[in-house]
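Chains as they are written, first to last, in my numbering: chain A, 1 to 174; chain B, 1 to 572.
Just so it is clear, CB atoms sit at the ideal spot from N, CA and C, and this is done for glycine as well.
What follows is a single structure, written as structure tokens, with notes after it.
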Amino acid sequence: MNQFSAKVCILGDFAVGKTSTVERFVNNQFSEKYLTTIGVKIDTKDVSLSGDVTLKLVLWDVAGTDRFSGVEFAYLRGASGYILVADGTRSRTISAVRTLKEQSFDRYGELPSVFLLNKADLTREWEVSDEDQRRLSEEFANVYVTSAKTGDNVTAALGRLGEMIAERDFPKTQ
Amino acid sequence: MNDLEELKTLLFGAEKRALDSITERVQKPETRAADVADVLPEAIRLSHREGGELVETLREPVGECLRDSCRNEPERYADALYPVMGPAIRKSILSALRAFAQQINETIEQSLTPRGIRWRFDAWRAGVPFGEYVVQRTLLYRVEQAYLISRDNGLLIGHVHHQASRIKDSDAVSAMFTAIQDFIKESFSPDRSGRLETADMGEFTLWAVHGPHALLVCVIRGVPPRSLRGDLSAILERIHFRYGDGIRDYSGDTSTMAGVEEELAECLRFEAIQAADEKKRRSFLPLVVVTLLIVALMAWFGYRNWEARQELLTLQDVLEDTPGWYVADVERTGKALTVRGLRDPLAASIEEVASDAGLSTDRLVADLQPFQSLDPEIVYQRTLAALDAPSSASVTYDAGRIVVIGSASQVWIDATEQKVASGAFGMSVELDGVSSIDLEQLRADVAAAREVQFAFTEGTELSDADASALRDHVTKVSSLVSEADRLGATLNVSIIGEADAIGTVELNTDLAARRASLAEQMLIEQGVSAERLSTSLIVDGDLANATNLERRRVSILLEFDSPSPATDADPE
């Protein structure tokens, strides 16, 4: 049986919950110390696609930043897609996602991505209104309101990203 | 042909012929097939080079053809695949067996040595199988894992590992290595030209070999030789050559890199700590030692066997050469030497014979029957024993006869002469040189009493002392005469009666005669035969000697008559 794998980078500002969001759903192999030492941590996640096809997402959890510098750009090279993560309780993290996406687009072009508006379990503290969410949905193709605490929508978001990557990179699987 | 047709022929004749020819070729399937066959190889080559459509187009029909053919003619495909499947299966089995055999060999080799025992303890502490621990400790190096990683995206293209290696998520490891390399490159190489080629991690060394589109990362246990990097580079170059576009454009679809793991398996090499020839020498050493021990043991046993055989033969030889022995069999039973045969009681004992031959007497067992040997020496001994010669006689062996010289009792001489006469000794015995001890004694006794005189006071009256002495002497003479008779000799007794000059001659002669008669009568009374007695008288007629009273006496003289054994030896 053929196997498919794809590099996916998780991008977002500090403390938006990038690591926590995917942590419950991935195969952890490396310590989070890598995030602070070399700025990235690798996890993998098998995503089942239609047609009994499994796509292994190699998740590059890039250390939180509101703007890429040299090494982060290197980490993005060869990625098949992005997971953009913002904190609903801090609206400025959405701007950081926007900046990061633009930077990656400028360097590596348009790639499949999903936008996770995280910390859905803290909606009372949110700075993002429904209207803001609607505008985000227009700006970003796939917006998911997720909770790292409850795991809401994380699997769906990863599944959707897998499908988009498969459509783009592995059309014969569709 | 009308004018119009003629005009057409003039104007378009060549084109028409060409068109007809084309029409004819199109309408004839054989011709079309020939034309297509001419261009088909080149068309396929061009199509394949320009894109994957041809492959995609052919995939389904070719696959269907293969399925049908395999289903309908399985034997044909089995025969076709046989040359390929055999080596492939053997290679796979060989690889597994080689790893297994290596592990078993190392385990057995180390299991009973002190180091092996220590390693067993260490393996128990480390929680790893002993066999695996032994392999880890005895390898110079072993390529545990090999990752083929896309340089573009860090995705894992292929991964192989040793069976005993514990691996994590190889995709994650591949990506992490790429990330670390990116981090190092960004952090420490300003122009991004540097690259991570080697990393040491405890007992592991990580080697990265960089190719145009992929890098080969090997996790190596131990210290690899420099030549290994060249070998790994050759493998990576071969992979690039074989997969070309597939490796350049790799985006995560492993189907485009089918078979790459077989290439990577070439990386899983190992080498033991000691070179092969050294291992051979080392492995031969115990064999040589054991062989030498066996040879030494065999030589020792051979020597002992030879020594025992020699001991047996020596004993047999000396016994056979010993007078009075007849050896039927000498046999070694365990440590004992058993001798069966006949032995004359006069012959040397088995212990004496063995001791004289320098052999040990501790383990001798004699199973013997007595017999009379006719060996001259034994006969001599037997005769010697039968002679029972007195110490005063010497016995010698001379030319098959026994010669006895010296003295012996007459009884012994008589008895021995009887035995010689009867042939009881079985050999000649010469007794001529033996004299009788009894006769000699008799001669000595006779010499001591050869002449004894007894004095009379007057007439025929003896002094008391002389009377007593005469009686004793008469008794003695009687016994001497009797002994002489017994010994075959003749002892004569002369009695001389004497008288002094006082008185007449006739009176004195009568007196002398009476004095002699007195002694004669006493001897006869003591049993002396009258035949042995002789009487003579001495009367001194010279008056000048009238006062010589010594003449008033009687003398008794003893004298052997010839022949006498003592005569020859008599100094007189």
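Go through its chain and collect everything with a Cβ distance to residue i's Cβ below 8 angstroms, but skip five positions before and after it.
{"i": "Ala157 of chain A", "result": "Ile83, Val114, Leu116, Asn142, Tyr144, Thr146"}
{"i": "Ala519 of chain B", "result": "Phe454, Leu470, Val474, Ile495, Gly497, Val554, Ile556"}
{"i": "Glu417 of chain B", "result": "Leu431"}
{"i": "Ala566 of chain B", "result": "Because Ala566 of chain B sits at a pLDDT of 43, beneath the cut-off of 50, its placement in the model cannot be relied upon, and the following sentence gives the value as read from the coordinates. Contacts found: Leu439, Glu440, Leu442, Arg443, Ala489, Phe560."}
{"i": "His240 of chain B", "result": "Gly211, Pro212, His213, Ala214, Ile247"}
{"i": "Asp568 of chain B", "result": "Residue placement at Asp568 of chain B is flagged as unreliable, the pLDDT there being 43, under the threshold of 50; a coordinate-derived value is accordingly withheld."}
{"i": "Ala385 of chain B", "result": "Leu346"}
{"i": "Leu548 of chain B", "result": "The amino acid at residue 548 of chain B is misidentified as Leu; the sequence shows Asn. So the qualifying residues of the chain are Asp500, Ala501, Asp540."}
{"i": "Val26 of chain A", "result": "Asp43, Thr44, Lys45, Leu59"}
{"i": "Thr509 of chain B", "result": "Ala499, Leu537, Val539"}
Tell me which residue opens and which closes the beta strand (DSSP E) that residue i is part of.
{"i": "Glu87 of chain A", "result": "The question names Glu, but residue 87 of chain A in the sequence shown is Asp. Per DSSP, Asp87 of chain A belongs to the beta strand (DSSP E) from 81-87."}
{"i": "Thr44 of chain A", "result": "40-49"}
{"i": "His210 of chain B", "result": "204-210"}
{"i": "Gln521 of chain B", "result": "No beta strand (DSSP E) holds Gln521 of chain B; the alpha helix (DSSP H) holding it covers 505-525."}
{"i": "Ser428 of chain B", "result": "428-436"}
{"i": "Val343 of chain B", "result": "Per the sequence shown, residue 343 of chain B should be read as Arg rather than Val. Segment 336-343, the beta strand (DSSP E) holding Arg343 of chain B."}
{"i": "Asp61 of chain A", "result": "53-62"}
{"i": "Gln453 of chain B", "result": "451-458"}
{"i": "Glu271 of chain B", "result": "270-272"}
{"i": "Gly158 of chain B", "result": "156-161"}
Can you give me the C-alpha to C-alpha distance between residue i and residue j, rounded to a whole angstrom?
{"i": "Phe183 of chain B", "j": "Ala74 of chain A", "result": "8 angstroms"}
{"i": "Asp362 of chain B", "j": "Arg304 of chain B", "result": "17 angstroms"}
{"i": "Phe121 of chain B", "j": "Phe130 of chain B", "result": "9 angstroms"}
{"i": "Val339 of chain B", "j": "Gly358 of chain B", "result": "17 angstroms"}
{"i": "Leu196 of chain B", "j": "Asp152 of chain B", "result": "15 angstroms"}
{"i": "Arg76 of chain B", "j": "Val62 of chain B", "result": "17 angstroms"}
{"i": "Glu307 of chain B", "j": "Thr314 of chain B", "result": "10 angstroms"}
{"i": "Leu216 of chain B", "j": "Ala166 of chain A", "result": "26 angstroms"}
{"i": "Phe140 of chain A", "j": "Gln133 of chain A", "result": "10 angstroms"}
{"i": "Ala275 of chain B", "j": "Ala258 of chain B", "result": "With a pLDDT of 48 at Ala275 of chain B, under the threshold of 50, the modelled position of this residue cannot be trusted, and the question is left open."}
{"i": "Ser349 of chain B", "j": "Lys419 of chain B", "result": "29 angstroms"}
{"i": "Arg617 of chain B", "j": "Gly127 of chain B", "result": "With chain B running from 1 to 572 in the structure shown, residue 617 of chain B is simply not present."}
{"i": "Leu54 of chain B", "j": "Ser69 of chain B", "result": "22 angstroms"}
{"i": "Gly334 of chain B", "j": "Leu342 of chain B", "result": "23 angstroms"}
{"i": "Ala449 of chain B", "j": "Val481 of chain B", "result": "12 angstroms"}
{"i": "Val395 of chain B", "j": "Val365 of chain B", "result": "36 angstroms"}
{"i": "Ala123 of chain B", "j": "Gly202 of chain B", "result": "17 angstroms"}
Could you give the first and the last residue of the continuous alpha helix (DSSP H) run that contains residue i?
{"i": "Arg92 of chain A", "result": "92-108"}
{"i": "Cys218 of chain B", "result": "It is not in any alpha helix (DSSP H) - Cys218 of chain B instead sits in the beta strand (DSSP E) that spans 214-222."}
{"i": "Glu30 of chain B", "result": "29-50"}
{"i": "Leu264 of chain B", "result": "260-265"}
{"i": "Asp169 of chain A", "result": "154-169"}
{"i": "Leu136 of chain A", "result": "130-139"}
{"i": "Lys185 of chain B", "result": "170-188"}
{"i": "Gln381 of chain B", "result": "376-387"}
{"i": "Phe468 of chain B", "result": "Note on identity: in this sequence residue 468 of chain B is Ser, with Phe being the wrong assignment. Counting along the chain, the alpha helix (DSSP H) containing Ser468 of chain B begins and ends at 464-486."}
{"i": "Phe371 of chain B", "result": "Here Phe371 of chain B belongs to no alpha helix (DSSP H), and DSSP marks it neither H nor E."}
Only counting the same chain, and skipping five residues up and downstream in sequence, which positions put a Cβ closer than 7 angstroms to that of residue i?
{"i": "Gln316 of chain B", "result": "Val327, Val330"}
{"i": "Ser478 of chain B", "result": "Leu523, Gln526, Gly527, Val528"}
{"i": "Thr460 of chain B", "result": "Arg514, Arg515, Leu518"}
{"i": "Leu76 of chain A", "result": "Cys9, Ser104, Arg107, Tyr108"}
{"i": "Thr155 of chain A", "result": "Phe25"}
Might you give, ordered along the chain, the residues of its own chain that have their beta carbon closer than 6 angstroms to the beta carbon of residue i, omitting 5 neighbours on each side?
{"i": "Ala265 of chain B", "result": "Val160"}
{"i": "Arg25 of chain B", "result": "Thr31"}
{"i": "Pro370 of chain B", "result": "Pro345"}
{"i": "Ser422 of chain B", "result": "none"}
{"i": "Arg242 of chain B", "result": "none"}
Are there any heavy atoms of the ligand SAH lying less than 7 angstroms away from the beta-carbon of residue i, as far as the coordinates show?
{"i": "Ala299 of chain B", "result": "This structure lacks the ligand SAH; in fact it carries no ligand of any kind."}
Margin query: Count Cβ pairs between the region 6-17 of chain A and the region 81-99 of chain A that sit closer than 8 angstroms; are there 3 or more?
Written below: yes
Notebook entry, point to check: Of all the residues that make up the region 57-70 of chain A, which are near chain B by a beta-carbon distance shorter than 8 angstroms?
Noted result: Val58, Trp60, Gly70
Check: Quick one, which residues of the region 135-166 of chain B are near chain E if we go by CB-CB under 9 angstroms, in chain order?
Finding: This model lacks chain E altogether; the protein chains it does include are A and B.
Check: Counting Cβ pairs, one atom from each stretch, are 3 or more of them under 8 angstroms apart for the region 403-412 of chain B and the region 433-440 of chain B?
Finding: yes
Check: Counting pairs of Cβ atoms below 8 angstroms between the region 140-147 of chain B and the region 162-169 of chain B, do you hit three or more?
Finding: yes
Margin query: Tell me whether the region 44-63 of chain A and the region 167-178 of chain B touch, counting them as touching only if at least three CB pairs, one residue from each stretch, are closer than 8 angstroms.
Written below: yes
Note to self: Quick test of the definition: if touching needs 3 or more C-beta pairs under 8 angstroms, does the region 37-52 of chain A touch the region 93-100 of chain A?
What the structure shows: no
Item checked: Against chain A: residues of the region 223-254 of chain B by CB proximity under 9 angstroms -> Ser251, Gly252, Asp253, Thr254
Check: What residues in the region 175-186 of chain B have a beta carbon less than 8 angstroms from any beta carbon of chain A?
Finding: Ala175, Met176, Ala179, Ile180, Asp182, Phe183, Lys185, Glu186
Notebook entry, point to check: Given a limit of 9 angstroms on CB to CB distance, which residues of the region 145-168 of chain A reach chain B?
Noted result: Ile165
Margin query: To be precise: take each residue of the region 101-121 of chain A, compare its Cβ to all Cβ atoms of chain B, and keep it if any distance is under 8 angstroms. Which residues remain?
Written below: none
Check: Any residues in the region 21-43 of chain B with a beta carbon nearer than 7 angstroms to a beta carbon of chain A? Which ones, in chain order?
Finding: none
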